[in-house]
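Peer 1: Sharing a structure here in structure tokens format.
Chains as they are written, first to last, in my numbering: chain Y, 18 to 339; chain B, 18 to 339.
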């Protein structure tokens with residue numbers, strides 16, 4: 018059973034108490050170490066799902082989810098983004114030799130940062146956390162990937178930048194051949210250089226993080242990761258470029274003005290690892306939004322429904338047979 | 018590049034000509050063999066995507082996409098379906114020793130049936146075709162699967178039944194160990210008995226069909242499959258049970274009264290095969306619909322937006338910072 022089913026049970030009696038006022042609720046600010054984990058009160062199915070996020074707080078905090086014209090995720094096709102090269106970006110992320118907290122927020126699994134900065138467009142953002150969506154939220158030129166990692170950065174003035182990284186599946190047969198009998202610990206110990214150069218190789222960082230995902234199967238649970246070598250990730254990202262556009266948070270309150278940097282580099286994971294993560298996350302991708310600058314698809318859809326209903330008039334639309 | 022990007026280019030100038038009046042356009046009726054393939058005029062992104070399907074024909078043919086209260090796909094959780102056992106269902110599908118047509122409709126890849134019947138609930142449906150969605154459209158108790166196969170049946174009176182089968186990824190390392198160096202042809206030749214019993218084994222049927230998916234990368238293209246042993250599939254399905262509910266087509270015109278039978282048996286494919294299919298399909302899953310009997314989520318979402326906008330009043334909702 019996925020965490021989201023469990024969440025629906027938890028949330029069923031308290032959905033009207035959902036708060037969207039806290040920055041923590043946006044996946045932006047990691048909680049203080051040791052503080053209780055606040056399980057989210059939005060979801061991905063039915064009445065607490067993405068099409069109804071605007072209603073969840075009973076006020077207007079989430080209104081942009083239903084009205085914003087620069088919402089995320091989107092289909093990453095030519096024309097909607099501009100390309101930033103590694104030279105346009107200064108990225109530094111602290112290694113975490115002592116590990117860090119890996120927690121289940123009910124809506125995603127998230128790794129708390131131990132510091133780092135992103136300098137882009139004249140601003141310096143602090144690295145807060147990274148979390149995962151399954152399947153990918155953005156489409157890579159029309160294609161859905163297995164997962165997507167979101168690395169969240171914020172300035173002291175609360176401006177937000179997110180690096181999106183597609184997570185693809187290792188090819189299995191081909192890629193696993195040289196290490197068919199190796200254990201996860203051996204993979205984790207692969208030198209960084211082999212990761213950055215071997216296209217078919219699973220990400221050591223992701224395999225290390227996800228090796229403990231079964232320990233946070235329940236919303237609100239947390240585990241300490243093994244050491245995380247973040248410089249490996251930085252090297253991989255800076256070997257590619259970034260597809261940049263101005264979008265939104267993909268979770269309530271769907272705040273806009275978020276600087277998106279979708280990496281052209283993909284991280285790979287083993288299929289077996291993917292399935293372990295899937296057994297915890299289940300499904301947590303918001304539906305695709307309209308091209309930036311165009312009307313929110315909920316408004317477009319509502320208008321279509323009104324027009325189609327009017328056209329249907331009498332007799333009523335055929336219900337059963339076509 | 019996925020077929021959907023190509024489709025957007027094709028459709029861009031002709032979206033107002035979209036027709037939803039033909040049964041063929043619903044994925045129900047296979048075309049006559051040799052007849053030209055009609056590339057679909059709906060899509061999965063932006064203004065031709067699922068939130069705006071009701072508007073695509075300029076009339077009311079697709080109105081149920083935006084107003085129907087028994088729409089598909091849904092989250093398959095206890096309470097929304099009733100279980101039918103193999104004893105409740107009589108399923109017979111003709112083998113296709115001479116192969117059959119495998120075609121790219123722009124919105125999916127589809128295999129044309131050479132006959133078969135499904136007897137359930139006192140009706141006899143004829144087997145028309147099967148096609149694929151990526152990722153899965155239904156959720157399996159909260160979990161998104163790699164793909165979903167839809168086997169479409171229809172009575173002479175045009176009543177529709179669809180068997181949905183989740184397609185999961187073969188575990189790669191574990192499952193591939195005994196056949197690390199085998200070629201696809203060897204896998205296809207596995208005897209049916211090993212398929213029905215070996216949990217980690219790829220589906221011979223799917224590997225056979227998909228071995229040619231690269232040949233139909235363009236919308237409107239078609240290829241003849243190798244021989245298809247459909248009895249293997251029937252045996253697998255009848256070894257499990259069916260989660261049944263009354264829903265809709267997951268494509269325009271979103272007609273309701275469709276009898277869904279979601280199999281508890283999953284078919285597996287190799288990760289490498291999945292990636293080949295993905296490079297053609299890209300993404301073609303409609304967003305999750307509301308629990309059967311509850312309001313259409315587009316109506317719910319529109320109402321939420323109106324309420325949230327009213328609550329926002331003046332001053333305007335925060336746009337950039339949170």
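Just so it is clear, CB atoms sit at the ideal spot from N, CA and C, and this is done for glycine as well. All values reported here derive from a predicted model rather than from experimental measurement.
For residue 102 (chain Y) and residue 62 (chain B), what's the separation of their Cα atoms in angstroms?
Peer 2: If you take the alpha carbons of residue 102 (chain Y) and residue 62 (chain B), they lie about 27 Å apart.
Peer 1: By Cβ distance below 7 Å, which residues in the same chain neighbour residue 15 (chain Y) in space, the five residues on each side in sequence not counted?
Peer 2: Nothing can be reported for residue 15 (chain Y): it is not among the residues displayed for chain Y, which extend from 18 to 339.
Peer 1: Can you tell me which of the three DSSP states residue 105 (chain B) falls into?
Peer 2: helix
Peer 1: Could you give the uninterrupted runs of the beta strand (DSSP E) lying entirely in the stretch 88-165 of chain Y, keeping only those of 3 residues or more?
Peer 2: 99-101, 107-110, 118-121, 126-129, 133-137 and 140-150
Peer 1: Look at the alpha carbon of residue 121 (chain Y) and the alpha carbon of residue 80 (chain Y), and state the distance between them as a whole number of angstroms.
Peer 2: 26 Å
Peer 1: Which residue from Y:90, Y:297 and Y:285 puts its Cα closest to that of residue 188 (chain Y)?
Peer 2: Y:285
Peer 1: For the alpha helix (DSSP H) containing residue 318 (chain Y), list its first residue and its last residue.
Peer 2: 314-329
Peer 1: What ranges does the beta strand (DSSP E) occupy inside the stretch 210-257 of chain B, keeping only unbroken runs of at least 3 residues that lie completely in it?
Peer 2: If we require 3 residues or more, the beta strand (DSSP E) runs fully inside the stretch 210-257 of chain B come out as 239-241.
Peer 1: Got a sec: is the Cβ-Cβ distance from residue 289 (chain B) to anything in chain Y below 8 Å?
Peer 2: yes
Peer 1: Determine, using beta carbons only, whether residue 340 (chain Y) and residue 140 (chain Y) come nearer to each other than 8 Å.
Peer 2: For residue 340 (chain Y) there is no data in the structure shown, the boundaries of chain Y being 18 and 339.
Peer 1: For chain Y, check one thing: does any of its Cβ atoms lie closer than 8 Å to the Cβ of residue 325 (chain B)?
Peer 2: yes
Peer 1: Give me, in chain order, the residues of the same chain whose beta-carbon lies closer than 8 Å to that of residue 234 (chain B); leave out the 5 immediate sequence neighbours on both sides.
Peer 2: 20, 121, 296 and 297
Peer 1: How is residue 311 (chain Y) classed by DSSP in three states: helix, strand or coil?
Peer 2: coil
Peer 1: Name the chain Y residues whose beta carbon is nearer than 7 Å to that of residue 304 (chain B)?
Peer 2: 304
Peer 1: Mind checking residue 109 (chain Y): buried by the 16 CB within 10 Å criterion, or exposed?
Peer 2: exposed
Peer 1: Report the rounded CA-to-CA distance for residue 107 (chain Y) versus residue 136 (chain Y), giving the unit in angstroms.
Peer 2: 5 Å
Peer 1: Would you mind sorting residue 288 (chain Y) into buried or exposed? The rule is 16 or more other CB atoms within 10 Å of its CB.
Peer 2: Buried: at least 16 other Cβ atoms inside 10 Å.
Peer 1: Give, in chain order, every residue of the stretch 226-239 of chain Y whose Cβ lies closer than 8 Å to some Cβ of chain B.
Peer 2: none
Peer 1: Taking the beta strand (DSSP E) that residue 291 (chain B) falls in, what are its first and last residues?
Peer 2: Here residue 291 (chain B) belongs to no beta strand (DSSP E); instead the alpha helix (DSSP H) covers 288-298.
Peer 1: Between the C-alpha atoms of residue 54 (chain B) and residue 240 (chain B), what's the straight-line distance to the nearest angstrom?
Peer 2: 12 Å
Peer 1: So with Cβ pairs under 8 Å, would you call residue 34 (chain Y) a contact of chain B?
Peer 2: Since pLDDT at residue 34 (chain Y) reaches only 30, below the 50 mark, its modelled position is unreliable, and the value read off the structure follows with that caveat. No, because no Cβ of chain B sits closer than 8 Å to the Cβ of residue 34 (chain Y).
Peer 1: Using the beta-carbon count (16 or more within 10 Å), is residue 273 (chain Y) buried or exposed?
Peer 2: The Cβ neighbour count for residue 273 (chain Y), taken over all protein chains shown within 10 Å, is at least 16; the residue is labelled buried.
Peer 1: Which residues, taken in chain order from the stretch 144-161 of chain Y, show a beta carbon closer than 8 Å to some beta carbon of chain B?
Peer 2: 151, 152, 156, 158, 159, 160 and 161
Peer 1: Inspect the CB distances between the stretch 259-276 of chain B and the stretch 81-90 of chain B and report whether three or more fall short of 8 Å.
Peer 2: Pairwise C-beta distances place the stretch 259-276 of chain B in contact with the stretch 81-90 of chain B, as three or more of them are shorter than 8 Å.
Peer 1: Is there contact between the stretch 65-84 of chain Y and the stretch 321-331 of chain B, where contact requires at least three CB pairs shorter than 8 Å?
Peer 2: yes
Peer 1: DSSP on residue 65 (chain Y), reduced to helix/strand/coil?
Peer 2: helix
Peer 1: To the nearest angstrom, how far is it from the Cα of residue 244 (chain Y) to the Cα of residue 319 (chain B)?
Peer 2: 47 Å
Peer 1: Is the CB of residue 300 (chain B) under 8 Å away from at least one CB in chain Y?
Peer 2: yes
Peer 1: Taking residue 118 (chain Y) as the reference, give the member of Y:111, Y:124 and Y:131 with the closest Cα.
Peer 2: Y:131
Peer 1: Residue 115 (chain Y): buried (16+ other C-beta within 10 angstroms of its C-beta) or exposed?
Peer 2: exposed
Peer 1: Could you give the DSSP three-state label for residue 81 (chain Y): helix, strand or coil?
Peer 2: helix
Peer 1: Between the alpha carbons of residue 78 (chain B) and residue 321 (chain Y), how many angstroms are there, rounded?
Peer 2: The alpha-carbon atoms of residue 78 (chain B) and residue 321 (chain Y) are separated by roughly 12 Å.
Peer 1: Residues of chain B with CB closer than 8 Å to the CB of residue 122 (chain Y), please, in chain order.
Peer 2: By Cβ distance, chain B contributes nothing, its closest Cβ being about 16 Å from residue 122 (chain Y), past 8 Å.
Peer 1: Could you tell me the alpha carbon to alpha carbon distance between residue 91 (chain Y) and residue 154 (chain B), rounded to whole angstroms?
Peer 2: Between residue 91 (chain Y) and residue 154 (chain B), the alpha-carbon positions lie close to 19 Å from each other.
Peer 1: Out of curiosity, what's the CA-to-CA distance linking residue 179 (chain B) and residue 259 (chain Y)?
Peer 2: 42 Å
Peer 1: Kindly list, in the order they appear in chain B, the residues whose Cβ is closer than 8 Å to that of residue 66 (chain Y).
Peer 2: The answer, in chain order, is 305 and 314.
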